[in-house]
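For what it's worth, the UniProt record's numbering labels the leading residue of the sequence shown as 1, then goes sequentially. In what follows, a structure is listed as structure tokens, so that the remarks can point back to it.
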Amino acid sequence: MSGFENHCWRDVIDSETLDIYQSYERDTYIGRRPALLLIDLYNLVYEGGPLPVKELVKNHPSSCGVHAWNAIEPTKQLISLARSHNIPLIYSTQSTNQIQATNRQRNVILDNSFEIKEEFRPDTADIIIRKERASCFFGTPLIAYLTKMGIDSLIICGESTSGCVRASAVDAYSYGFHAVVVEECTFDRSLLSHKVSLFDLHHKYADVMNLGEVKDRLRVL
Numbered sequence: 001m002s003g004f005e006n007h008c009w010r011d012v013i014d015s016e017t018l019d020i021y022q023s024y025e026r027d028t029y030i031g032r033r034p035a036l037l038l039i040d041l042y043n044l045v046y047e048g049g050p051l052p053v054k055e056l057v058k059n060h061p062s063s064c065g066v067h068a069w070n071a072i073e074p075t076k077q078l079i080s081l082a083r084s085h086n087i088p089l090i091y092s093t094q095s096t097n098q099i100q101a102t103n104r105q106r107n108v109i110l111d112n113s114f115e116i117k118e119e120f121r122p123d124t125a126d127i128i129i130r131k132e133r134a135s136c137f138f139g140t141p142l143i144a145y146l147t148k149m150g151i152d153s154l155i156i157c158g159e160s161t162s163g164c165v166r167a168s169a170v171d172a173y174s175y176g177f178h179a180v181v182v183e184e185c186t187f188d189r190s191l192l193s194h195k196v197s198l199f200d201l202h203h204k205y206a207d208v209m210n211l212g213e214v215k216d217r218l219r220v221l
């Protein structure tokens, strides 16, 4: 298996599919002026603790359970890495007036449900985007911030891989920004959805990198 495919999806994507997508192989990179986009790392998705999602979903339908908790330490490392390279940090969270996309079971929303989890607390200089739809770009001033800062690339982490991360990465591509999605720092309720979404993004809209690759690329910027 090539290095381009050496990612978490290798146990769910068969060799025939890899052959079909072989023409997508390319050199991956991070742009010269990146920003770190941290998508929806709010308290709601950690509710119930680091347990299997199937044990939590009845009482905490938005929890990503153990998948969210496994991503905490890598995400903290990514934040520290970005700060050490003076890379701007942009956080997103849900607007409290959000229109629901589906009629799925509603959560009990607390005053702090959409606050960024304490481990990832934004600094005063960081930007916080409040959104009402999946993409961080839709109906928000994100483009204006990126343009003002001269950003050419977005390093993306957060949740969910198949939802808001995917929508934001596709929109970043559509607006002409190079997108990098950090494998260990994204998560979903379903591991299958997580892996297939990363595979699809990697071959069409973004460069999926593991945290070690991001560290190496930033050293040479």
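Think of the CB as a built atom: it goes at the ideal place given N, C-alpha and C, for glycine as much as any other residue. Computed from a predicted structure; not experimentally measured.
To which residues does DSSP link residue i through a beta bridge?
i: Gln94; result: Lys131
i: Phe187; result: Glu159
i: His178; result: Ser153
i: Val208; result: Val181
i: Ile143; result: DSSP lists no partner for Ile143.
i: Ile116; result: Tyr42
i: Leu89; result: Leu36
Rounded to a whole number of angstroms, what is the C-alpha to C-alpha distance between residue i and residue j?
i: Asp40; j: Glu16; result: 35 Å
i: Tyr91; j: Asn6; result: 28 Å
i: Ile79; j: Asp216; result: 15 Å
i: Phe120; j: Thr93; result: 12 Å
i: Met209; j: Val220; result: 16 Å
i: Phe177; j: Thr140; result: 16 Å
i: Leu44; j: Ser190; result: 16 Å
i: Arg133; j: Ser2; result: 36 Å
i: Asp24; j: Leu18; result: Correcting the residue type first, residue 24 is Tyr in the shown sequence and not Asp. Cα to Cα, Tyr24 sits roughly 10 Å from Leu18.
i: Ala125; j: Lys58; result: 38 Å
i: Val12; j: Ser193; result: 10 Å
i: Phe114; j: Cys8; result: 29 Å
i: Thr186; j: Ile151; result: 21 Å
i: Leu211; j: Gln22; result: 24 Å
i: Ile20; j: Val108; result: 44 Å
i: Ile143; j: Gly158; result: 19 Å
i: Ile127; j: His60; result: 28 Å
Let me make sure I understand the geometry here. Which of the options has the alpha-carbon closest to that of residue i?
i: residue 222; options: Ser153, Ile116 and Lys58; result: This structure cannot speak to residue 222, because the chain is shown only from 1 to 221.
i: Glu184; options: Asp14, Glu73, Lys54 and Pro50; result: Glu73
i: Asp171; options: Cys136, Pro50, Val182 and His202; result: Cys136
i: Ser168; options: Glu115, Ala206 and Thr75; result: Ala206
i: Lys76; options: Asn112, Ser63, Leu38 and Glu47; result: Leu38
i: Tyr173; options: Phe187, Glu159, Thr186 and Leu201; result: Leu201
i: Glu47; options: Ser63, Lys54, Glu55 and Val53; result: Ser63
With a threshold of 8 Å, are at least 3 pairs of Cβ atoms found where one atom belongs to the region 33 to 46 and the other to the region 85 to 99?
Counting C-beta pairs with one atom in each stretch, the region 33 to 46 and the region 85 to 99 have three or more that are closer than 8 Å, which means they touch.
Could you check whether the region 192 to 200 touches the region 158 to 176, counting it as contact only if at least three pairs of C-beta atoms, one from each stretch, sit closer than 8 Å?
Yes, since at least three Cβ pairs between the region 192 to 200 and the region 158 to 176 fall closer than 8 Å, the two stretches touch.
Length-filtered (3 minimum) beta strand (DSSP E) runs lying within the region 1 to 47
As far as the region 1 to 47 is concerned, its whole beta strand (DSSP E) runs of at least 3 residues are 34 to 39.
Under 8 Å: do the region 130 to 150 and the region 62 to 82 share three or more Cβ pairs, one atom per stretch?
No, the region 130 to 150 does not touch the region 62 to 82.
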